[in-house]
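Engineer:
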Amino acid sequence: MIPEERPEAGKPGAPEAWPPLDVSIVTHNSAEHLATLLGSLAEQAACDIVRVTFVDNASSDDTVAVLLDAQLRYRKTFAAFEVLTNSRNVGFGAAHNRGIGEGSAPFVLILNPDTRLEANCLARLLRTAAADDSRIAAWEPRQVPYEHPKKYDPVTMATTWCSAAALLMRRSAFEDVGGFDARIFLYCEDVDLSWRLRRKGWRLRYVPAACVRHDTYEFAHQIKPVQAVQTLLGSLHLRNRYGSLADVLRGYEVFLRSLLAPPLFKGHRKATLLAGGRYLRNFLHFWERHKPSDVGFFDRLDFAPMRLGAFHQVTSSEDPRERPLVSILVRSIGRQEQLRRALTTIANQTYGNLEVVLVEDGPATLAGLVNSLTDLAINYVPLGTRHGRCHAGNVAMQAASGQYLGFLDEDDELFADHVEQLVACLASTGARAAYSTAFEVPTEWNERHEIVREGPCEVVFDRPFTFIELSVRNFMPTCCVLFERSLYKECGGFDLALDRQEDWNLWLRFAMHAGRFARIRKTTSLYRVPLPEDDRASRQKAMLQYYEKARASHQDVVFALPAEELSADYRTLLECHADGHGRPWPLQKPTPESRTRRWTRAPIRILRKALGLART
Numbered sequence: 040m041i042p043e044e045r046p047e048a049g050k051p052g053a054p055e056a057w058p059p060l061d062v063s064i065v066t067h068n069s070a071e072h073l074a075t076l077l078g079s080l081a082e083q084a085a086c087d088i089v090r091v092t093f094v095d096n097a098s099s100d101d102t103v104a105v106l107l108d109a110q111l112r113y114r115k116t117f118a119a120f121e122v123l124t125n126s127r128n129v130g131f132g133a134a135h136n137r138g139i140g141e142g143s144a145p146f147v148l149i150l151n152p153d154t155r156l157e158a159n160c161l162a163r164l165l166r167t168a169a170a171d172d173s174r175i176a177a178w179e180p181r182q183v184p185y186e187h188p189k190k191y192d193p194v195t196m197a198t199t200w201c202s203a204a205a206l207l208m209r210r211s212a213f214e215d216v217g218g219f220d221a222r223i224f225l226y227c228e229d230v231d232l233s234w235r236l237r238r239k240g241w242r243l244r245y246v247p248a249a250c251v252r253h254d255t256y257e258f259a260h261q262i263k264p265v266q267a268v269q270t271l272l273g274s275l276h277l278r279n280r281y282g283s284l285a286d287v288l289r290g291y292e293v294f295l296r297s298l299l300a301p302p303l304f305k306g307h308r309k310a311t312l313l314a315g316g317r318y319l320r321n322f323l324h325f326w327e328r329h330k331p332s333d334v335g336f337f338d339r340l341d342f343a344p345m346r347l348g349a350f351h352q353v354t355s356s357e358d359p360r361e362r363p364l365v366s367i368l369v370r371s372i373g374r375q376e377q378l379r380r381a382l383t384t385i386a387n388q389t390y391g392n393l394e395v396v397l398v399e400d401g402p403a404t405l406a407g408l409v410n411s412l413t414d415l416a417i418n419y420v421p422l423g424t425r426h427g428r429c430h431a432g433n434v435a436m437q438a439a440s441g442q443y444l445g446f447l448d449e450d451d452e453l454f455a456d457h458v459e460q461l462v463a464c465l466a467s468t469g470a471r472a473a474y475s476t477a478f479e480v481p482t483e484w485n486e487r488h489e490i491v492r493e494g495p496c497e498v499v500f501d502r503p504f505t506f507i508e509l510s511v512r513n514f515m516p517t518c519c520v521l522f523e524r525s526l527y528k529e530c531g532g533f534d535l536a537l538d539r540q541e542d543w544n545l546w547l548r549f550a551m552h553a554g555r556f557a558r559i560r561k562t563t564s565l566y567r568v569p570l571p572e573d574d575r576a577s578r579q580k581a582m583l584q585y586y587e588k589a590r591a592s593h594q595d596v597v598f599a600l601p602a603e604e605l606s607a608d609y610r611t612l613l614e615c616h617a618d619g620h621g622r623p624w625p626l627q628k629p630t631p632e633s634r635t636r637r638w639t640r641a642p643i644r645i646l647r648k649a650l651g652l653a654r655t
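In our numbering, the protein residues as written are 40 to 655.
1) Taking just the CA atoms, how far does residue 417 sit from residue 629?
2) With a 10 Å radius around its C-beta and 16 neighbouring C-beta atoms as the bar for buried, classify residue 149 as buried or exposed.
3) On the criterion of 16 or more Cβ atoms from any shown chain inside 10 Å, does residue 544 qualify as buried, or is it exposed?
4) Decide if residue 269 is buried, meaning its Cβ has at least 16 other Cβ atoms within 10 Å, or exposed.
5) DSSP on residue 341, reduced to helix/strand/coil?
6) In three-state DSSP terms, what is residue 59?
7) Residue 377: which of 459, 567, 532 and 526 sits nearest, CA to CA?
8) Nearest CA to the CA of residue 232: which residue from 262, 502, 468 and 273?
9) Can you tell which of 174, 247, 219 and 474 has its C-alpha closest to the C-alpha of residue 517?
10) Could you spell out where the alpha helix (DSSP H) holding residue 548 opens and where it closes?
11) Taking DSSP as the reference, what is the three-state secondary structure of residue 585?
12) Check residue 189 in the structure and name its three-state DSSP category.
13) Is the segment 471-487 touching the segment 560-577, taking contact as three or more C-beta pairs under 8 angstroms?
14) By how many angstroms is the C-alpha of residue 576 removed from the C-alpha of residue 624?
15) Taking DSSP as the reference, what is the three-state secondary structure of residue 596?
16) Mind checking who residue 482 pairs with in its DSSP beta bridge?
17) Please report the straight-line C-alpha distance between residue 211 and residue 180, rounded to a whole angstrom.
18) Within a Cβ cutoff of 6 angstroms, which residues of the same chain sit near residue 105, ignoring the five residues on either side of it in sequence?
19) Look up residue 200 in the DSSP assignment and say whether it is helix, strand or coil.
20) Could you tell me which uninterrupted alpha helix (DSSP H) segments, each at least 4 residues in length, are contained entirely in the segment 140-183, listed from first to last along the chain?
21) Assign residue 495 to one of two classes, buried (16 or more other C-beta atoms within 10 Å of its C-beta) or exposed (fewer than that).
22) In three-state terms, what does DSSP make of residue 33?
23) For residue 409, I'd like the list of residues in its chain whose CB is within less than 7 angstroms of its CB, leaving aside the five on either flank, ordered along the chain.
24) Classify residue 504 as buried or exposed, calling it buried when 16 or more other Cβ atoms lie within 10 Å of its own Cβ.
25) With DSSP as the reference, label residue 252 as helix, strand or coil.
26) Which residue from 296, 368 and 107 puts its Cα closest to that of residue 435?
27) In whole angstroms, give me the CA-to-CA distance for residue 178 and residue 492.
28) Reducing DSSP to helix, strand and coil, say where residue 352 ends up.
29) Three-state secondary structure (DSSP) at residue 407?
30) For residue 128, list the residues DSSP reports as bridge partners.
31) Compare the beta carbon distance of residue 437 and residue 563 with 8 angstroms and say whether it is the shorter of the two.
32) Would you call the CB atoms of residue 530 and residue 556 closer than 8 angstroms?
33) Should residue 424 go down as buried or exposed, given a rule of 16 or more other Cβ atoms within 10 Å for buried?
34) Report back the beta-carbon spacing between residue 415 and residue 381 to the nearest angstrom; my notes put them in contact at under 8 angstroms.
35) Would you mind sorting residue 391 into buried or exposed? The rule is 16 or more other CB atoms within 10 Å of its CB.
36) In terms of alpha-carbon separation, which member of 488, 213 and 168 lies closest to residue 374?
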């Protein structure tokens, strides 16, 4: 039953000058979701100036009847409530074009029927939009429980494409590019819209503090036949429109692999062949607009670099659990532009109870930067003279007042939910330290410590916690770990004899005292390494030199492990090496060839040879 009206109590305050808003929702056999969606929309602040338009794509259930009933129930809740129907299913994009075309508000909110807006979602989106540059075209909220894993810029919050499952758009931008391409029936129409916007100079923004619950999967790693086939077809279309000739040809390779691989579901091959026929019928529509540009990105069926954690159940920014104070410890040697980026990513955190302890290893040169960042609580501690990384880190831990501590070097960056997810992990597991994964990003800097260019990002360390591996090498980059401050009090800080590998030594002592670290397999941060070959070689040489010193420094570390626990660690290592998690080391077990490669390697080899494609 759809609730009668929204309650007034506890409503978040609306912005003083909230612009009119059109909401467009496309339905197809969606009756079961509508009560939840409309209830959440009615709970948003100032919904009385929201105009809601539903476009039904020829549902065969009672969706339209439910909508007509809701139209009466919500007549006083929204500024308008309109129900449009199509005699046939015209597709997601075409239906939204019709729904959006019915309105005139400067902003449009696109929603899937199986979404639910969390408290303050709309207010946060609109406040962000009101404060943003006029060339920002779209604002994408974070989806929960499964956040979309595409990489975004944690400093500017720019994203290369936005999911249209929930998306706030500037109407003028939507109309500037002609809306969705109606030839893309379902899936990838949002990627295409995003890339057409970017090609015309518009920018896209991610707003993870605004959360939308999206019931897109019934369980983790679910394979949905329509999604699998339509994404494959959409990838072929997008390669034609935005990719190079090599991208187009690699798309054919992806198609052939999908066709020849063991079926993912009943009727997989037939559906793939039918998709190939639709691709050929629409070939000229996309090819005649074929303008290779730098807005496109293709990695098999992905359209952006992907972070790990697609099916990690994220904690929402509206989670009611207690939020203890977290101290982020930053060591700096005065590189202001690097530091500005790092501090901005802390300011972008969705976790609301943070302090920054900034220790400058040398004379005080950062006061101006610190004073300009009014959104952060910063405890600035200049040391006056250079004492080294370890001393600076120990000063930071001593000065911190948070229940949990985490390090962030001035050239590292955090994705917006880094603290939020690690605190949730610590709370749910009872562990005293937790870690996630991070991108390694080869980077070249200029003399002002601004980024000149970046190499491809990669998750180098994707390892479960085992005492065996931790005794051999460090697999937890400094920025990935959040730990109880009490561990510093009990175990001491960094070994002052180490200028590299100091974090490895610290993690070993923490583990000896507190036991296993908890782990979330989600990419929540990035650290940078030199891109120029000479600088990279120098760094690697220094790391190897300090590796032996670090090993010698923890010779007295003793782990008291039962035999069964030690055996479990060894089995875990063998399994994760077989799965190819992270870079190999001497215990590597050969990775078995997948069934897909066995089925497709001969046809693919022939195709590559015929087309002259190099391996990628």
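From the three backbone atoms N, C-alpha and C, an ideal C-beta is built for every residue, glycine too.
No experiment lies behind these values; they were computed from the predicted model shown.
Structural biologist: In terms of the structure at hand:
1) At residue 629, the pLDDT of 39 sits below 50, so the modelled position is not reliable; the number obtained from the coordinates is stated separately. Separation of residue 629 and residue 417 (C-alpha to C-alpha, rounded to the nearest whole angstrom) is 49 angstroms.
2) It counts as buried.
3) buried
4) Residue environment: residue 269 is assigned as buried (16 or more neighbouring CB atoms within 10 Å of its CB, all protein chains considered).
5) strand
6) Residue state, collapsed to three classes: coil.
7) 567
8) 273
9) 474
10) Per DSSP, residue 548 belongs to the alpha helix (DSSP H) from 541-553.
11) helix
12) Here residue 189 carries a strand assignment [DSSP, helix/strand/coil].
13) yes
14) Low confidence applies to residue 624: its pLDDT is 45, below 50, so where it sits in the model is not reliable, and the reading given next is rough at best. Residue 624 and residue 576: Cα-Cα distance of roughly 19 angstroms.
15) coil
16) 493 and 569
17) 20 angstroms
18) Within the same chain, residue 105 has close Cβ partners 70 and 73.
19) coil
20) 160-170
21) exposed
22) Past the boundaries of the shown model lies residue 33; the chain is included only from 40 to 655, so the question cannot be answered.
23) 397, 417 and 419
24) buried
25) strand
26) Among 296, 368 and 107, the Cα nearest to that of residue 435 is on 368.
27) Taking the straight line from one Cα to the other gives about 26 angstroms.
28) strand
29) helix
30) Beta-bridge partners of residue 128 (DSSP): none assigned.
31) no
32) When the beta-carbon positions are compared, residue 530 and residue 556 stay at least 8 angstroms from each other.
33) Result: exposed.
34) In fact, because the Cβ distance is near 11 angstroms, the residues do not count as touching under 8 angstroms.
35) Exposed, since its Cβ has fewer than 16 Cβ neighbours within 10 Å.
36) It is 488.
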